[in-house]
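Residue numbers (the numbering used here): 85 to 239.
Even glycine gets a Cβ: it sits at the ideal position worked out from N, Cα and C.
Here the structure is laid out as structure tokens; the discussion comes afterwards.
Quick look at the structure:
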């Protein structure tokens, strides 16, 4: 993932940074809308594809401990910072902040917006996992995910 994904994420980050900076006003906002929509959709599908190889996504293992819901959400937010696909997302977030940093108030507002987006994306991915947990733990889904990963890696 690092070898193949990081150049792709880096290219997306550089391309979107240049688009935010050098395109005229309505076009750069539309690029931002498309990029953030892509992040939302990608992050909805990614936990489903990497569930069988990433045990950190299984929230049911944390439910054994006496944690409140807020502590559980904070632990999930911080655990995703150490996840490999998050490195690429951090590059895209850095491009958003750097591309829209035209003054100090706008930069601070962009940083706050990116942090809120990060919390929403992680919460949404955990919601998708919670809704589909019984399906994801079945043998049929594991077999189907292996076939889908093989098909996508060949193409």
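Within its chain, find whatever has a CB closer than 6 Å to the CB of residue i; leave out the 5 residues flanking it on each side and keep chain order.
i, result
"residue 161", "206"
"residue 128", "212"
Output yes or no for whether 8 Å exceeds the beta carbon distance between residue i and residue j.
i, j, result
"residue 123", "residue 173", "yes"
"residue 165", "residue 156", "no"
"residue 119", "residue 196", "no"
"residue 92", "residue 103", "no"
"residue 125", "residue 229", "no"
Here's the rule: buried if 16 or more other CB atoms are within 10 angstroms of the residue's CB, otherwise exposed. What is residue i?
i, result
"residue 241", "As displayed, the chain neither begins before 85 nor continues past 239, which places residue 241 out of reach and without an answer."
"residue 99", "exposed"
Assuming residue i and residue j form a contact by the criterion Cβ under 8 Å, report the distance between their Cβ atoms to the nearest whole angstrom.
i, j, result
"residue 144", "residue 217", "7 Å"
"residue 234", "residue 178", "Not confirmed; about 33 Å, so no contact."
Can you give me the C-alpha to C-alpha distance between residue i and residue j, rounded to a whole angstrom?
i, j, result
"residue 241", "residue 105", "Because residue 241 is not part of the residues shown, which for the chain are 85 to 239, the question remains open."
"residue 186", "residue 232", "43 Å"
"residue 95", "residue 167", "20 Å"
Between residue i and the rest of its own chain, which residues show a CB-CB distance below 8 Å, the 5 nearest in sequence each way excluded?
i, result
"residue 192", "none"
"residue 111", "103"
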